[in-house]
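Structure, as structure tokens:
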Amino acid sequence: MNEKDYYKILGVNKNTTKDDLKQAYRKLAMQYHPDRSPSDKKKEYEEKFKEISEAYAVLSNDDKKAQYDRVGSAGMGNASQEDIFRNADFSDFQDVFSGYGGGFGSVDEIFKGVFRGGMGKQRSGYETGGDTGEDLEYTLSVNLKESAFGTEKEIRFFHNAKCKVCNGTGSKDGSRTVCDKCHGRGAVQIHRRAGFITFTSAQTCPKCHGTGVIIQSPCWTCHGTGKVKEEAKVKVRVPGGVNTGDNLKMTGYGNYGADGSGDLYIKINVTDDNFFKRKGDNIYCNVKIPFTLAILGGKIEVPTLQGTASLNISEGTQPGTTLRMKDLGIHNEMRNHTGDQFVVAEIEIPKGLNEMQKKLLIEFDEEMKKSKNKFKFW
Ligand SMILES: [Zn+2]
Ligand SMILES: [Zn+2]
Numbered sequence: 040m041n042e043k044d045y046y047k048i049l050g051v052n053k054n055t056t057k058d059d060l061k062q063a064y065r066k067l068a069m070q071y072h073p074d075r076s077p078s079d080k081k082k083e084y085e086e087k088f089k090e091i092s093e094a095y096a097v098l099s100n101d102d103k104k105a106q107y108d109r110v111g112s113a114g115m116g117n118a119s120q121e122d123i124f125r126n127a128d129f130s131d132f133q134d135v136f137s138g139y140g141g142g143f144g145s146v147d148e149i150f151k152g153v154f155r156g157g158m159g160k161q162r163s164g165y166e167t168g169g170d171t172g173e174d175l176e177y178t179l180s181v182n183l184k185e186s187a188f189g190t191e192k193e194i195r196f197f198h199n200a201k202c203k204v205c206n207g208t209g210s211k212d213g214s215r216t217v218c219d220k221c222h223g224r225g226a227v228q229i230h231r232r233a234g235f236i237t238f239t240s241a242q243t244c245p246k247c248h249g250t251g252v253i254i255q256s257p258c259w260t261c262h263g264t265g266k267v268k269e270e271a272k273v274k275v276r277v278p279g280g281v282n283t284g285d286n287l288k289m290t291g292y293g294n295y296g297a298d299g300s301g302d303l304y305i306k307i308n309v310t311d312d313n314f315f316k317r318k319g320d321n322i323y324c325n326v327k328i329p330f331t332l333a334i335l336g337g338k339i340e341v342p343t344l345q346g347t348a349s350l351n352i353s354e355g356t357q358p359g360t361t362l363r364m365k366d367l368g369i370h371n372e373m374r375n376h377t378g379d380q381f382v383v384a385e386i387e388i389p390k391g392l393n394e395m396q397k398k399l400l401i402e403f404d405e406e407m408k409k410s411k412n413k414f415k416f417w
């Protein structure tokens, strides 16, 4: 049996305080939140999320921690996932779990989603390997301003929906007989133990393709599948702070299946902006500042994501100086954090001066040469 080091998993030591433990879990839970996983790493993120949640459930509970310290995870032997998570308190992490739009609503839901019925109430379909709809992916492009403050978008995509003619049964007259090969289970169950969690997987029944039923007279509309291709129209709330590669999960918007519909993963793509560049929650831009303003100091209006704002230029500002405009960056709803805008000063040297302007500058130059501080500005 694999020995799991819960301390190592959470990156804490044995004498860690409850607060530090919470912090460690919070950080990892955000990082491996299943809604954030790239679609190709879904399994990996889910496994990691399970692992850290299991570690937290044990270490945050005095009795379980004592038992674990005494005998290690292998010694906890027969503890089921349900035992491990019983009395575990994840209420402090509600914000972490519900941070993403359209996704998991509560701690319960996220665990149900991740553990696939392993805890508490069992969900059919996953256990039988029956007719569970596939997950779908949709790439949604938003511009930088939309990503900065959040937006709502209506998307259209095709998915398998429940056939309305046969109400998803696939049968023209409603007659269905139980599959004789799998006796209606749709699959043969296989149990596999890893650590002290039992994973249940199943092989799809080849005769009924996992549906558990044989249909004598198939529905004409859906050819007995119970599903029809349909265009779906969904409003997606994109939370402020999303970045390219982020995933929003829309539970149940994937393909229909009699034993449960799949989910829709919305992959965010933030398009480049010509003026603003993003680094984390901060925004960078270059602004041209008249050379006289750079020398003398004063105020200048500069573009920000929220419209123009006044920026103080101090006397003697050098080219390339970076100036900070607090809280004018990205408002990140998931992290409850607002970034800053950083303005890199480009000093504008005027061209094509008239005689008067040249004369004044020559006088200025003469004055500078006379002055003891002649290298102060130039
Ligand atoms: Zn039908
Ligand atoms: Zn069967």
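Each residue of the sequence shown is one higher than the last, beginning at 40 in our numbering.
All C-beta atoms in this analysis are idealised placements derived from N, C-alpha and C, irrespective of residue type, glycine included.
Kindly indicate which three-state DSSP category residue i falls into: helix, strand or coil?
{"i": "R317", "result": "strand"}
{"i": "S112", "result": "helix"}
{"i": "A333", "result": "helix"}
{"i": "Y45", "result": "helix"}
{"i": "G164", "result": "In this predicted model, G164 has a pLDDT of only 37, less than 50, meaning its place in the structure is not dependable; the value taken from the coordinates is given anyway. The answer is coil: DSSP assigns G164 none of H, G, I, E or B."}
{"i": "R215", "result": "strand"}
{"i": "P73", "result": "helix"}
{"i": "K390", "result": "coil"}
{"i": "A187", "result": "helix"}
{"i": "V51", "result": "coil"}
{"i": "Y304", "result": "strand"}
{"i": "Y323", "result": "strand"}
{"i": "K104", "result": "helix"}
{"i": "V135", "result": "helix"}
{"i": "H222", "result": "coil"}
Kindly give me the distance between the Cβ atoms of residue i and residue j, rounded to whole angstroms, as I take these residues to be in contact under 8 Å.
{"i": "C244", "j": "C221", "result": "4 Å"}
{"i": "I369", "j": "G279", "result": "7 Å"}
{"i": "K43", "j": "S112", "result": "4 Å"}
{"i": "T250", "j": "D170", "result": "5 Å"}
{"i": "G263", "j": "G319", "result": "The Cβ separation is near 52 Å, so there is no contact."}
{"i": "R90", "j": "I48", "result": "The question names Arg, yet the displayed sequence has Glu at residue 90. Correct: roughly 6 Å between the Cβ atoms."}
{"i": "S214", "j": "S256", "result": "7 Å"}
{"i": "G296", "j": "L303", "result": "That belief does not hold up - the Cβ atoms of G296 and L303 are roughly 14 Å apart, past 8 Å."}
{"i": "V382", "j": "L362", "result": "5 Å"}
{"i": "S99", "j": "K57", "result": "7 Å"}
{"i": "G189", "j": "V273", "result": "About 16 Å separates the two Cβ atoms, so there is no contact after all."}
{"i": "Y45", "j": "V110", "result": "That pair is no contact at about 12 Å."}
{"i": "G265", "j": "G223", "result": "Not really, about 16 Å apart at Cβ, beyond 8 Å."}
Within the same chain, show all residues whose beta-carbon is closer than 6 Å to that of residue i, passing over the 5 residues directly before and after it, in chain order.
{"i": "P73", "result": "Y84, E85, F88 and V153"}
{"i": "S145", "result": "In this prediction, S145 scores a pLDDT of 48, lower than 50, which makes its location untrustworthy; no coordinate-derived value is stated."}
{"i": "N380", "result": "In the sequence as displayed, the identity of residue 380 is Gln instead of Asn. Excluding sequence neighbours, Q380 sits near I322, T343, M364, L367 and G368."}
{"i": "T377", "result": "D366 and H370"}
{"i": "N308", "result": "T178, S180 and T283"}
{"i": "F314", "result": "C324"}
{"i": "Q62", "result": "none"}
Counting along the chain, where does the beta strand (DSSP E) carrying residue i start and finish?
{"i": "S180", "result": "L175 to V181"}
{"i": "E385", "result": "Q380 to E387"}
{"i": "R363", "result": "T361 to M364"}
{"i": "K272", "result": "K266 to V277"}
{"i": "S300", "result": "Note, S300: premise wrong, no beta strand (DSSP E); not H, not E."}
{"i": "H198", "result": "T190 to K201"}
{"i": "L350", "result": "G346 to I352"}
{"i": "V281", "result": "Careful: V281 lies outside any beta strand (DSSP E) and carries neither H nor E."}
{"i": "K288", "result": "N286 to M289"}
{"i": "V252", "result": "V252 to I254"}
Within the same chain, show all residues whose beta-carbon is closer than 7 Å to that of residue i, passing over the 5 residues directly before and after it, in chain order.
{"i": "K327", "result": "E385 and E387"}
{"i": "R65", "result": "F132 and V135"}
{"i": "K184", "result": "L344"}
{"i": "Q161", "result": "Confidence at Q161 is low in this model, with a pLDDT of 31, below 50, so the placement of that residue should be treated as unreliable; the coordinate-derived value is given next. Here the set comprises nothing."}
{"i": "P77", "result": "G284 and N286"}
{"i": "C258", "result": "C202, V204, C205, G209, S210 and K211"}
Where do the N-terminal and C-terminal ends of the alpha helix (DSSP H) with residue i fall, by residue?
{"i": "F403", "result": "E394 to K409"}
{"i": "L98", "result": "K81 to L98"}
{"i": "L367", "result": "Note, L367: premise wrong, no alpha helix (DSSP H); not H, not E."}
{"i": "R65", "result": "K57 to Q70"}
Between residue i and the rest of its own chain, which residues show a CB-CB distance below 8 Å, the 5 nearest in sequence each way excluded?
{"i": "E340", "result": "T347, A348, S349 and L350"}
{"i": "S353", "result": "G336"}
{"i": "V275", "result": "G140, G141, L179, E191, K192, E193, I194, L287, M289 and I305"}
{"i": "F197", "result": "K268, E269, E270 and A271"}
{"i": "C261", "result": "C202, V204, C205, G209 and V267"}
{"i": "E372", "result": "G138, G189, P278, G279 and G280"}
Of all residues in the structure, which have a C-beta closer than 5 Å to any heavy atom of ligand 2, taken in chain order?
Shown in chain order are the residues whose CB sits closer than 5 Å to a heavy atom of ligand 2: C218, K220, C221, C244, K246 and C247.
When you get a sec, list the residues whose CB is within less than 6 Å of any heavy atom of ligand 1, chain order please.
C202, V204, C205, G209, C258, T260, C261 and G265
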